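See below for the structure under consideration.
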Amino acid sequence: MADANLTAVPMAAPGYGKQSAPGQAPRSQDDFAHLPVREAYIAAYIDRLPDGAAVDIKTLAKQMPAYGQQAVATALNKLSAVGHLRRFRETLGEGRTQWVSRTHFSRTPRDDAWWERFLSGDTATDATPAPVAMPASPRPLHSPAYSALIALGRACPQLALSTAECADLEDLAAQWLERGVTPADFVRILTTGLPKVIHSPGAFTRKRLVDKVPPEPLPDAHATTPPSRRVMECTGCGVPGRPEALSGGLCRACHGEPPEVDRAAVPVGEDVHVLVSRLRLLARTRQREGAR
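Going by my numbering, the first residue of the sequence shown is number 8, and it counts up by one from there.
Printed below as a string of structure tokens:
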């Protein structure tokens, strides 16, 4: 684990910096055991940073004297390639036109398909992370409702439910989540005001699920949900593009392939910005080659 001092970490400007991905597995000492030493060290450091902390290359290199900027940049690319982070360009608040760059980090490695769903705003599978590397023995995937029931016993041992009880109550719990109750609120509501003794956790939980079920939300005819304005960026150079054009969160150039502008892979409305970014990347590459 990284032993850097986290008591005075530099924070990014409001709206920028690290953002923790949802649905991560609990922190453990083996989170980054699959990575080389350098990448594991940097990943553990970023994992412990609060949201909003600066995670740009220069700042990370200053905080970790053992590694220079080039080493940090290479490590970040590798962390992106194995699914621990992605960089998105997003609008700052509803109705705003200011774009900010955020680094979304997940200690649980995610594949490209998961990051693409997250990019589109689909977080329905957050309760059951899907690591890139397959585990030695596959674990059955549970629904968010089933997982919420399991979480009751973790929050309050009096409500520890058996596998059969979770399966039996799953449909009732699903009604709560379908009506807008988050898993965290679900646990908080069902574990508040418990009696000192609960003889049958399953029967007690069933009664609470039925008695306290929230009403169905009323449709708002005037409400409009603006489309998500979020674009994936290359972790290495910051060039924006569609997820299918950024395998492992990296563009063709950062994968070592000749950089080229694929207009079909560029988000609508971002064409000019992408072209300028590509030209700047080519200019920097040629400057480096000329200096050798």
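For each residue, glycine too, the CB sits at the ideal point set by N, CA and C.
It should be emphasised that the depicted structure is a prediction, and the values quoted were computed from it without experimental measurement.
Contacts around Leu184, its chain only, beta-carbon distance under 8 Å, and the 5 residues preceding and following it disregarded: Pro151, Ala152, Ala155, Pro190, Phe193
Classification of Pro57 by the beta-carbon crowding that lies within 10 angstroms, buried from 16 upward: exposed
C-beta contact flag for Ala335 and His149 at 8 Å: Because the chain in this structure spans residues 8 to 299, residue 335 falls outside the shown range and cannot be described.
Which of helix, strand or coil DSSP assigns to Pro17: coil
Span of the alpha helix (DSSP H) around Arg117: First-last for Arg117: undefined, no H or E at that position.
Cβ pair count under 8 Å reaching 3, the region 162–181 against the region 212–223: yes
Local Cβ density within 10 Å of Gly263, reported as buried at 16 or more and exposed below that: exposed
Nearest-angstrom Cβ-Cβ length linking Asp118 and Gly90, presumed shorter than 8 Å: 6 Å
For Trp106, the residue or residues it bridges with in DSSP: Thr98
Under 8 Å between C-beta atoms of Leu67 and Val79: yes
Separation of Pro208 from Gly255, as counted between CA atoms: 45 Å
Spatial neighbours of Ile49 in its chain, beta-carbon cut-off 8 Å, leaving aside the 5 residues before and after: Ala9, Leu67, Met71, Tyr74, Val79, Ala82, Leu83, Leu86
Supposed close pair Arg114, Arg34 - CB separation, criterion 8 Å: 6 Å
Distance between Gly128 and Phe211 (C-alpha atoms, nearest Å): 35 Å
Rounded C-alpha distance that separates Leu197 from Ile157: 12 Å
Of the listed residues Lys203, Thr98, Glu251, nearest to Gln165 (C-alpha basis): Lys203
Which residues DSSP lists as bridging Gln26, in chain order: His111
Coil, strand or helix - Leu5 by DSSP: One cannot answer for residue 5 here, as it falls past the ends of the chain, which runs 8 to 299.
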